[in-house]
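In the numbering used here, the protein residues as written are -13 to 298.
Using N, Cα and C, we set each Cβ at its ideal position, and we do this for glycine too.
As structure tokens, the structure follows; a few thoughts come after it.
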Amino acid sequence: MPVDPNIQVLLDFLASAGLPPMSEGTPEAARAGFRALTVDTRDPSAVPEVDAVEDITVPGGDGARPARVYRPLVPGPLPTIVMLHGGGFVIGDLDTHDVTARTLANACNAVVVSVDYRLAPEDPWPAGVEDAIAATRWASSRLESLGGDGRLAVAGDSAGGNLSAVVAHVMRDEGVELAGQLLIYPVTDRRGSYPSHEENGTGYFLDLDTMAWFDQQYVGHLPEVDVTDPRLAPLHGDLAGLAPAVLVVAEYDPLRDDGLAYAAALSAAGVPVEVRTFEGMVHGFADMGRHSPAAQAALDETCALFRTVLHG
-13 MPVDPNIQVL LDFLASAGLP PMSEGTPEAA RAGFRALTVD TRDPSAVPEV DAVEDITVPG
47 GDGARPARVY RPLVPGPLPT IVMLHGGGFV IGDLDTHDVT ARTLANACNA VVVSVDYRLA
107 PEDPWPAGVE DAIAATRWAS SRLESLGGDG RLAVAGDSAG GNLSAVVAHV MRDEGVELAG
167 QLLIYPVTDR RGSYPSHEEN GTGYFLDLDT MAWFDQQYVG HLPEVDVTDP RLAPLHGDLA
227 GLAPAVLVVA EYDPLRDDGL AYAAALSAAG VPVEVRTFEG MVHGFADMGR HSPAAQAALD
287 ETCALFRTVL HG
């Protein structure tokens, strides 16, 4: 099917704005532009209500990191989800993914701990990985005070999906049983070549030039990159015994086939995985509900699938 008409309006607006491509600018400009798109244009009255929001700090790989705890409009005890935001490991923060965290908390009946991990190029790989792992370890030791029961899960979109997948590997290896992992159009094979790269490489919000730019910021400091390092490309790790997964991708996303390859590999390794390809959607649809009812429906279905994983 064609791109959802409401999302196409958004794509046309962005194309007509005449702004230089992200790949031709600085990380600072990219961050400001992303906040303008996700935060500055947000209607406060449309922000989902939750029971409570608390700004805290959590351990990172090199000192404390900001985090935000969201408690949903349902009584406990509840599972806890460590959420890791997307943004190519370069952009994004607690505010850009505030609505996603609120939606996840309410729709999944869970306490969400959103983590502000370090970003490249100031703090390139593996800084963000180390922060994500440290924060999840911290949450695993405080489940009673956070959610009230023993269930712990991870969730993330795009780069955050990559970090969530990596964390799931590490937690398994450390003997911490996760209740689930929610991977929304994740990056799992950073140097793989897939048909969706060419089919969706331009014109659909995320493009190949931006992906390459993100990659340069994240790992360009390394003289040689081991593309099979599971902390960088979880597709190449041992997948047996990982937590049950919900993995969703968008039809018009260059990362579509990357995510589907990971879902297939999880299934082949015996990991329960629910997979959805949302037709007409583009990368970033999880935060496009205010623009597109179809995008909101896709996010609602995604959350319903993960709620089933968490609560049975």
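Check	Outcome
Reduced DSSP secondary structure (H/G/I, E/B, other) of residue 200	helix
Anticipated Cβ contact below 8 Å, residue 133 with residue 69, distance rounded	Rounded, the Cβ-Cβ distance is 13 Å, inconsistent with contact.
Proximity of residue 55 and residue 40 at Cβ, strictly below 8 Å	yes
Coarse secondary structure for residue 77, derived from DSSP in three states	coil
Cβ pair count under 8 Å reaching 3, the region 270 to 279 against the region 206 to 218	no
Cβ-based burial, residue -13 [other Cβ within 10 Å; buried from 16]	exposed
Runs of alpha helix (DSSP H) wholly within the region 0 to 88 (minimum 4 residues, chain order)	13 to 21
Enclosing beta strand (DSSP E) for residue 100 [first to last residue]	97 to 101
Contact check, residue 46 vs residue 116, beta carbons under 8 Å	yes
Reference residue 296, options 136, 76, 52, closest by Cα	136
Collapsed DSSP secondary structure at residue 219 in the structure displayed	coil
Residue 115 - DSSP class collapsed to helix/strand/coil	helix
Residue 218 versus residue 89: straight-line alpha-carbon distance, rounded	28 Å
Local conformation of residue 152 per DSSP, three classes	helix
Through-space distance from residue 29 to residue 138, alpha-carbon basis	32 Å
Inter-residue CB distance, residue 165 and residue 65 (contact presumed, cutoff 8 Å)	6 Å
In DSSP terms, what residue 271 is bridged to	Per DSSP, none; premise fails for residue 271.
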